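This report concerns only the one structure given below.
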Amino acid sequence: MSLLHPSPGLATLDARARDIFRRVVENYLETGEPVGSRTLSRGGVALSPASIRNTMQDLTLAGLLASSHASAGRAPTHAGLRLFVDGLLEVGDIGEEERREIDARLAVLGGQGPGRNVEEALDAASSLLSGLAGGAGIVASPVREAGVRHVEFVALGGGQALAVLVADDGTVENRLMGLAPGVTASTLQEASNFLNARLKGRALAEARHEMKGEMEVARRELDAAAARLVEEGLAAWSGGERDRNLIVRGRANLLQDAQAAEDLERVRVLFDDLEQKEQLIGLLDDVGAAQGVRIFIGAETRLFSLSGSAVIAAPYMSGRQRVLGAIGVIGPARLNYARVIPLVDYTARVLGRILDGQET
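This is how it looks when you write it as structure tokens:
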């Protein structure tokens, strides 16, 4: 068999290559160690070690497997793991014991009623998921959904203005902005009126997304200075996003299997990555946009490309199927995907039910 193209799809692999590839990945995910031809031969592959080695070499040339040197066993590359997860992974349901533990631990918080602390529920869910799945549990708090009551640009002098947003829940956001030379009071009022007409009564996150299509209208209807104010004001107001919390629990789990020097360096880089709050929240928000379990492996995310980590995450939603946030697990690329995927999915669904109607 000859595999000429890098990272082929499953359709390009014959039955022998597909079987050996699947066994290599499953062995690797179970042990964390490179897999040799003799291991597969003893494991039930009805081929000689030499034939297995030839197929593994073809898979290596195709970019699906890799080895530290010619005589070593093979481990899946990130491209290989992606191919396995997308085409060969068999994901079952969550175990009954794990289901009971998640229900019991989170139901206690759900029974506290409207006055309970949302952050406490998020913290508990992240810790619980980390303990059950291994790796670090991460969860982003919900975006505040209060509607906009009023917006205004206030001149401060010295080439600066204050962009003020008042929400229906009484929250006020003030953002300092620089003003281009020559901006007048009438320009500030014009930009304020334009935004008030379009934002009032609407959640900022939703309205800001839709306003992207109206910037051309602003450029046509307003003078250049007012249009620039509108655009910069929308970028400045966070809609609560800057005040959102990112909860990370279980960092110590990431050290458990780190023995070799390269493993420790990978974990060190990952610890640095976990401090990037805004990028992590952005990643979890992307998960919410897909409304399903998402899996990112290695360089598929810029944030985790150096550490070679994997992220399995799912959105938690209200009963009206509105995405509130997302929760997930971060760990080495050799995560037990078949076990972790249903854990993340079920925890997200339970968390959504608990927070339903309690968004902040």
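First residue of the sequence shown? That's 248 in the working numbering, and the numbers climb one at a time after it. The beta-carbon is built from N, C-alpha and C at its ideal position, and this holds for glycine as well. This structure is a prediction, so every number in the text was calculated from the model and none was measured.
Which partner residues of Asn-421 appear in the DSSP bridge assignment?
Here residue 421 corresponds to residue number 174 of the sequence shown, with the count starting at 1. Residue pairing by DSSP places Asn-421 opposite Val-411 in a beta bridge.
Looking at the strands, I want to know which residues DSSP matches up with Gly-384.
Numbered from its first residue, the sequence shown carries residue 384 at position 137. Partner(s): Arg-496, Val-576.
Output yes if chain D places a C-beta closer than 7 Å to the C-beta of Glu-420; else output no.
The structure shown has no chain D; it contains just one protein chain.
Count the C-beta pairs between the stretch 407-423 and the stretch 531-544 that are closer than 8 Å, then say yes if the count reaches three, no if not.
No: the two stretches stay apart, fewer than three of their Cβ pairs being nearer than 8 Å.
Exposure label - Thr-594; buried when at least 16 CB within 10 Å
The residue you call residue 594 lines up with position 347 of the sequence shown. Counting of Cβ neighbours within 10 angstroms places Thr-594 among the buried residues, the total reaching 16 or more.
Please tell me whether Met-424 and Glu-479 are closer than 7 Å, where the distance is taken between their beta carbons.
What you label residue 424 is simply residue 177 of the sequence shown in a count that begins at 1. What you label residue 479 is simply residue 232 of the sequence shown in a count that begins at 1. When the beta-carbon positions are compared, Met-424 and Glu-479 come within less than 7 Å of each other.
Name the residue from Thr-548, Gly-575, Ala-383 whose alpha carbon lies nearest to the alpha carbon of Asn-500.
If you number the sequence shown from 1, residue 500 lands on position 253. Among Thr-548, Gly-575, Ala-383, the Cα nearest to that of Asn-500 belongs to Ala-383.
Which of helix, strand or coil DSSP assigns to Leu-582
Position 335 of the sequence shown, counted from the first residue, corresponds to residue 582. Note: Leu-582 maps to coil in three-state DSSP.
Taking only the alpha-carbon atoms, compute the straight-line gap between Glu-463 and Ala-474 and give it to the nearest angstrom.
As a working note, residue 463 is residue 216 in the sequence shown. As a working note, residue 474 is residue 227 in the sequence shown. The straight-line gap from Cα to Cα measures roughly 9 Å.
For Gln-526, which residues from the same chain have a beta carbon less than 6 Å from its beta carbon, with the 5 sequence-adjacent residues on both sides left out?
Along the sequence shown, one-based indexing puts residue 526 at 279. The beta carbon of Gln-526 sits closer than 6 Å to the beta carbons of Leu-550 from its chain, once the five residues preceding and following it are set aside; these are given in chain order.
Helix, strand or coil, according to DSSP, for Phe-551 in the structure here?
As a position in the sequence shown, residue 551 is number 304, starting the count at 1. Correct three-state label for Phe-551: coil.
Just list the residues that DSSP pairs Tyr-275 with in beta bridges.
By 1-based counting over the sequence shown, the position of residue 275 is 28. The partner list for Tyr-275 (beta bridge, DSSP) is empty, contrary to what the question assumes.
So, for Arg-265: in the same chain, excluding its five sequence neighbours on each side, which residues have a beta-carbon less than 7 Å away from its beta-carbon?
Taking the sequence shown and counting its residues from 1, the one referred to as residue 265 is at position 18. These residues qualify, in order along the chain: Leu-257.
Going by DSSP, what residues sit across from Ile-556 in a beta bridge?
Taking the first residue of the sequence shown as 1, we reach residue 556 at position 309. Checking the displayed sequence, the identity of residue 556 turns out to be Ser instead of Ile. Ser-556 pairs with Pro-579.
Presumed contact (8 Å Cβ cut-off) between Ala-368 and Ile-601, rounded CB distance:
As a first step, residue 368 is located in the sequence shown; it is residue number 121 there, counting from the start. As a first step, residue 601 is located in the sequence shown; it is residue number 354 there, counting from the start. For a cut-off of 8 Å, the C-beta gap from Ala-368 to Ile-601 is around 6 Å, short enough to register as a contact.
So Gly-572 packs on Ser-298, CB below 8 Å; how close in whole Å?
In the sequence shown, residue 572 corresponds to position 325, counting from 1. In the sequence shown, residue 298 corresponds to position 51, counting from 1. In fact, because the Cβ distance is near 50 Å, the residues do not count as touching under 8 Å.
Going by CA-CA distance only, name the one from Gln-407, Glu-277, Asp-415 that's closest to Val-398.
Stepping through the sequence shown from its first residue, residue 398 is reached at position 151. Closest in alpha carbon position to Val-398, among Gln-407, Glu-277, Asp-415, is Asp-415.
Beta-carbon within less than 8 Å of Gly-358's beta-carbon, same chain only, minus the 5 sequence neighbours each way: which residues are those?
On the sequence shown, residue 358 is found 111 positions in, with the first residue counted as 1. Bear in mind that the predicted position of Gly-358 carries a pLDDT of just 49, short of 50, making it unreliable; the figure below should be weighed with that in mind. Counting only Cβ-Cβ distances below 8 Å, and skipping sequence neighbours, we find nothing.
Does the distance from the CB of Asp-592 to the CB of Ala-557 come in under 7 Å?
Position 345 of the sequence shown holds residue 592. Position 310 of the sequence shown holds residue 557. For Asp-592 and Ala-557, no; Cβs fall outside 7 Å.
What does DSSP give as the partner residues of Gly-404 in its beta bridges?
In the sequence shown, residue 404 corresponds to position 157, counting from 1. For Gly-404, the beta-bridge partners assigned by DSSP are Gln-407.
For the beta strand (DSSP E) containing Ile-542, name the first residue and the last one.
Within the sequence shown, numbered from 1, the residue matching residue 542 stands at position 295. Here the beta strand (DSSP E) through Ile-542 covers 541-544.
May I ask you to list the residues that DSSP assigns as paired with Met-564?
The residue you call residue 564 lines up with position 317 of the sequence shown. Beta-bridge partners of Met-564 (DSSP): Val-570.
Excluding sequence positions up to five away, which residues of its chain have a Cβ less than 6 Å from the Cβ of Val-495?
Walking along the sequence shown from the start, residue 495 turns up at place 248. Correct list, in chain order: Ala-383, Ile-385, Leu-521.
Would you mind giving the Cβ-Cβ distance between Gly-497 and Ser-295, rounded to the nearest angstrom? I have them listed as a contact below 8 Å.
Against the sequence shown, residue 497 aligns to sequence position 250. Against the sequence shown, residue 295 aligns to sequence position 48. Cβ atoms of Gly-497 and Ser-295 stay farther apart than 8 Å, at about 44 Å.
Straight-line CA distance for Leu-311 to Arg-270?
Taking the first residue of the sequence shown as 1, we reach residue 311 at position 64. Taking the first residue of the sequence shown as 1, we reach residue 270 at position 23. C-alpha separation (whole angstroms): 13 Å.
Exposure of Arg-285, with buried meaning 16 or more beta-carbon neighbours within 10 Å:
Looking up residue 285 in the sequence shown gives position 38. By the 10 Å Cβ count, Arg-285 comes out exposed.
Looking at Arg-329: is its Cβ nearer than 7 Å to the Cβ of Thr-302?
To locate residue 329, count along the sequence shown from 1; it is residue 82. To locate residue 302, count along the sequence shown from 1; it is residue 55. No. Outside cutoff.
Provide the residue span of the alpha helix (DSSP H) that contains Lys-524, from first to last.
Here residue 524 refers to the residue found at position 277 of the sequence shown. Run containing Lys-524: 524-537, per the alpha helix (DSSP H) assignment.
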